[in-house]
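Chains as they are written, first to last, in the working numbering: chain A, 1 to 401; chain B, 1 to 404. Glycine included, every Cβ here is placed at the ideal spot set by N, Cα and C. Here the structure is laid out as structure tokens; the discussion comes afterwards.
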């Protein structure tokens with residue numbers, strides 16, 4: 001494997017992700033090749049699904065967290081109404097149009113029961129398309145104080161059931177030993193990602209959030225063993241390099257809210273163009289993926305218990321009722337990353353995030369005196385001008401202009 | 001509220017021939033539990049969450065969303081939805097919840113709420129989050145309980161989980177009411193609920209008859225009132241019984257409800273609960289009759305088994321509620337219900353902002369056409385009185401098509 005480009009002191013991040021980009025460009029061909037050799041590809045949508053189970057079954061997990069394409073979301077309207085969220089419409093739209101090669105390569109879907117929109121996606125996939133769909137029930141009333149032991153019992157049972165179904169689909173039962181190996185692999189990936197995400201924690205960064213986010217999303221698609229190698233390569237390249245010390249004068253932003261899919265650049269790009277800088281995120285496709293390891297009990301003890309514990313009690317999505325934990329977590333991120341303003345990104349018709357906006361606004365303004373801006377959008381480019389103006393005004397307000 | 005002079009319903013036609021119905025409706029609209037039973041805690045309850053458990057725990061389960069909305073519709077208060085948007089609620093929300101939130105966040109709800117509670121499942125995210133928002137805004141407790149997904153192979157696991165959720169829910173509500181809730185309380189509440197569920201099943205049977213003795217508007221409103229135990233459910237059952245007697249009297253006399261023509265086109269409605277109450281009149285004005293409606297059917301789709309432990313039977317009943325069934329099972333269940341009512345057409349109701357049907361309308365429509373071979377009309381409504389002309393036009397077109 002070739003190393004990254006030669007280090008350029010004037011431009012320290014130059015070439016850092018070239019190797020990853022090159023590898024990612026080959027991914028579709030590699031998946032197709034693996035399929036020809038009999039390996040199955042499992043597509044899933046939501047980070048509550050432990051991909052360790054897919055890996056342990058000898059299959060390839062692909063997180064289908066795509067977004068930002070107007071065409072696919074419009075195509076989805078053939079089945080889903082225009083007032084379902086663009087993510088769900090796109091999920092169906094990609095199946096309708098056949099334009100997303102990753103969707104085309106998937107042999108089966110795993111769908112976690114998170115919100116009504118995703119439930120409808122699952123119903124359509126089951127009813128209209130021929131690929132198997134495995135459902136995973138998610139207890140949404142659990143809380144971080146573990147006041148409801150029945151939640152984890154139930155989730156563990158659901159995972160057992162999924163394990164059995166995946167084993168059957170993959171042609172062999174999924175052994176504990178294989179799950180332990182998969183846990184080790186995924187834990188290693190999470191550790192490397194945490195290292196990468198820690199960089200924006202500094203005032204002056206080598207790898208900015210945009211790079212970190214890109215790296216994270218590459219991991220949704222790539223063969224996980226190869227992905228770990230890429231992360232190790234990036235880590236080795238980063239260590240020892242010092243970021244530029246001069247301040248860039250940009251407003252440090254937290255981007256939080258609805259799923260920011262692979263390809264959904266509109267808001268991050270606008271923030272960059274208008275003089276802001278995302279330094280961290282609170283989205284299900286970003287930093288939260290790597291937040292927590294499966295405990296050592298996953299490797300030496302009850303694998304399913306440990307998986308259930310990690311996935312159920314990771315950063316809660318707003319589909320979960322544990323609002324306090326979301327608020328505290330956001331508050332912690334804001335402090336850790338010296339955030340100066342929050343962009344609350346809400347994909348239209350994403351009800352779970354949208355309903356919490358007044359609560360977040362009230363909480364952040366009262367507790368942290370933190371300015372927050374709601375951006376409601378979809379995958380259409382028609383609102384770019386309006387959003388740009390809003391973000392510009394928000395940045396000016398933060399700067400006190 | 002004096003129905004005769006209620007501003008919001010001046011254009012609606014009620015069945016003036018019924019003695020009992022106006023009493024039930026007035027009592028429902030004017031009800032204030034803080035006057036009737038001031039010592040009781042009022043628990044705002046989701047429209048499709050069974051009230052039995054809260055009632056057993058010594059509290060008053062109150063369907064806040066529906067009551068607040070109907071009060072607004074009847075009194076002609078059209079401003080609550082915009083008020084909600086002014087309070088940062090999404091303008092893309094289901095109007096039922098916009099109105100509820102608008103009233104609550106502007107302190108215009110007439111009934112003070114002590115705590116919020118709802119079941120949480122693969123349905124109605126907006127309601128759950130709205131309740132959570134309101135509870136937080138006024139520092140009230142929000143108590144939830146989970147209904148796990150319905151999947152036959154995982155029945156034992158799901159029911160075990162659900163039983164534990166119900167038991168914990170009872171404990172949490174009881175902690176607020178100070179009531180030591182036991183199996184006996186739950187059995188009594190289930191029995192009271194079963195009487196009401198039985199009443200509604202009885203009314204459905206009457207609608208399946210050739211001569212339909214009840215108008216659509218009254219039928220819909222009865223379904224709504226059935227689920228609200230805030231008033232004494234025993235008293236409500238007595239009133240329902242009187243009403244059923246009245247309706248049976250009409251059946252014996254081969255007398256249909258006023259406004260229903262001879263040999264009407266039989267219409268079944270399913271989907272999202274609409275605020276456009278004119279729909280029910282429109283069907284009859286165009287020569288139709290409503291013979292069934294599934295808006296609240298999950299609350300009375302069957303009786304809770306009273307012969308086994310109440311938590312066990314409630315858990316099974318809740319898990320099998322039609323709104324918790326996977327799509328295919330739900331469609332099959334609905335088809336059975338629809339066939340019993342012998343409709344000539346089905347109206348599929350969509351409410352802009354609701355997510356219930358957004359994803360499945362087409363699947364449901366196709367299934368209905370395939371399996372029943374009768375016309376299916378999709379309608380889409382928003383806030384009350386904003387859809388009258390469109391609905392009239394669509395309903396008339398449907399009736400003309402069926403009529404020849």
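Chain A contact for residue i (CB, 8 Å cutoff)
{"i": "residue 377 of chain B", "result": "no"}
{"i": "residue 126 of chain B", "result": "yes"}
{"i": "residue 281 of chain B", "result": "no"}
{"i": "residue 136 of chain B", "result": "yes"}
{"i": "residue 391 of chain B", "result": "no"}
{"i": "residue 132 of chain B", "result": "yes"}
{"i": "residue 384 of chain B", "result": "no"}
{"i": "residue 111 of chain B", "result": "no"}
{"i": "residue 149 of chain B", "result": "yes"}
{"i": "residue 117 of chain B", "result": "no"}
Continuous alpha helix (DSSP H) stretch holding residue i: start and end
{"i": "residue 134 of chain B", "result": "125-137"}
{"i": "residue 193 of chain B", "result": "183-208"}
{"i": "residue 20 of chain A", "result": "18-25"}
{"i": "residue 69 of chain A", "result": "Segment: none, residue 69 of chain A is in no alpha helix (DSSP H) and carries neither H nor E."}
{"i": "residue 91 of chain A", "result": "86-97"}
{"i": "residue 352 of chain B", "result": "Looking at the DSSP string, residue 352 of chain B is not in any alpha helix (DSSP H), and its letter there is neither H nor E."}
Alpha-carbon to alpha-carbon, residue j and residue i
{"i": "residue 316 of chain A", "j": "residue 333 of chain A", "result": "14 Å"}
{"i": "residue 125 of chain B", "j": "residue 121 of chain A", "result": "15 Å"}
{"i": "residue 384 of chain A", "j": "residue 375 of chain A", "result": "11 Å"}
{"i": "residue 321 of chain B", "j": "residue 34 of chain A", "result": "44 Å"}
{"i": "residue 185 of chain B", "j": "residue 55 of chain B", "result": "9 Å"}
{"i": "residue 119 of chain B", "j": "residue 181 of chain B", "result": "19 Å"}
{"i": "residue 7 of chain A", "j": "residue 255 of chain A", "result": "Residue confidence for residue 7 of chain A is low, a pLDDT of 43 falling below 50, so the modelled location carries little weight; the figure read from the coordinates is stated next. The alpha-carbon atoms of residue 7 of chain A and residue 255 of chain A are separated by roughly 30 Å."}
{"i": "residue 100 of chain B", "j": "residue 68 of chain A", "result": "33 Å"}
{"i": "residue 309 of chain B", "j": "residue 393 of chain B", "result": "51 Å"}
{"i": "residue 123 of chain B", "j": "residue 179 of chain A", "result": "33 Å"}
{"i": "residue 38 of chain B", "j": "residue 145 of chain B", "result": "26 Å"}
{"i": "residue 241 of chain B", "j": "residue 199 of chain B", "result": "7 Å"}
{"i": "residue 106 of chain A", "j": "residue 194 of chain B", "result": "48 Å"}
{"i": "residue 263 of chain B", "j": "residue 257 of chain B", "result": "13 Å"}
{"i": "residue 128 of chain A", "j": "residue 89 of chain A", "result": "14 Å"}
{"i": "residue 56 of chain A", "j": "residue 328 of chain B", "result": "31 Å"}
{"i": "residue 279 of chain A", "j": "residue 70 of chain A", "result": "27 Å"}
{"i": "residue 127 of chain B", "j": "residue 137 of chain B", "result": "15 Å"}
{"i": "residue 21 of chain A", "j": "residue 162 of chain A", "result": "33 Å"}
Residue i CB to nearest heavy atom of the ligand GDP below 7 Å
{"i": "residue 395 of chain B", "result": "Although the ligand GDP was asked about, the structure shown includes no ligands whatsoever."}
First and last residue of the uninterrupted beta strand (DSSP E) at residue i
{"i": "residue 292 of chain B", "result": "288-293"}
{"i": "residue 146 of chain B", "result": "141-146"}
{"i": "residue 103 of chain A", "result": "Unbroken run through residue 103 of chain A is the alpha helix (DSSP H), 101-105; no beta strand (DSSP E)."}
{"i": "residue 110 of chain A", "result": "108-112"}
{"i": "residue 4 of chain B", "result": "Residue 4 of chain B -> no beta strand (DSSP E), and no H or E assigned at all."}
{"i": "residue 29 of chain B", "result": "Run containing residue 29 of chain B: none in the beta strand (DSSP E); it sits in the alpha helix (DSSP H), 20-30."}
is_contact[residue i, chain B] using C-beta, thresh 8 Å
{"i": "residue 265 of chain A", "result": "no"}
{"i": "residue 354 of chain A", "result": "yes"}
{"i": "residue 170 of chain A", "result": "no"}
{"i": "residue 135 of chain A", "result": "yes"}
{"i": "residue 103 of chain A", "result": "no"}
{"i": "residue 72 of chain A", "result": "no"}
{"i": "residue 289 of chain A", "result": "no"}
{"i": "residue 406 of chain A", "result": "Outside the shown range of chain A, which is 1 to 401, sits residue 406 of chain A, and nothing can be said about it."}
{"i": "residue 154 of chain A", "result": "yes"}
{"i": "residue 1 of chain A", "result": "Here residue 1 of chain A scores only 39 on pLDDT, less than 50, and its place in the model is too uncertain to base an answer on."}
{"i": "residue 143 of chain A", "result": "no"}
{"i": "residue 4 of chain A", "result": "Caution applies to residue 4 of chain A, whose pLDDT of 40 falls short of 50 and renders its modelled position unreliable; the value that the coordinates give is listed next. Taking Cβ atoms only, chain B never reaches closer than 8 Å to residue 4 of chain A, which makes this a no."}
Neighbouring residues, chain E, relative to residue i (Cβ below 7 Å)
{"i": "residue 145 of chain B", "result": "No chain E is part of this structure, whose protein chains are labelled A and B."}
(request) Could you tell me which uninterrupted beta strand (DSSP E) segments, each at least 3 residues in length, are contained entirely in the stretch 230-315 of chain A, listed from first to last along the chain? (result) 251-257 and 276-282
(request) Give the residues from the stretch 345-367 of chain B that approach chain A closer than 8 Å (Cβ to any Cβ), ordered along the chain. (result) 350, 352, 353, 355, 356, 357, 358, 359, 360, 361, 362 and 363
(message) Counting only Cβ-Cβ distances shorter than 7 Å, please list the residues of the stretch 366-385 of chain A near chain B, keeping chain order.
(response) none
(request) Taking only beta carbons into account, state which residues of the stretch 29-56 of chain B come closer than 7 Å to chain A, listed in chain order. (result) none
(request) Please name the residues in the stretch 89-100 of chain A whose beta-carbon is closer than 7 Å to at least one beta-carbon of chain B, in chain order. (result) none
(request) Anything in the stretch 167-185 of chain B with a Cβ closer than 7 Å to a Cβ of chain A? List those residues in chain order, please. (result) 168
(message) Please identify, using Cβ separations under 8 Å, the residues of the stretch 79-94 of chain B that lie next to chain A, in order along the chain.
(response) 87, 88, 89, 90, 92 and 93
(message) Using a Cβ-Cβ cutoff of 7 Å, what residues of the stretch 333-349 of chain A are near chain B? List them in chain order.
(response) 348 and 349
(message) Please identify, using Cβ separations under 7 Å, the residues of the stretch 257-287 of chain A that lie next to chain B, in order along the chain.
(response) none
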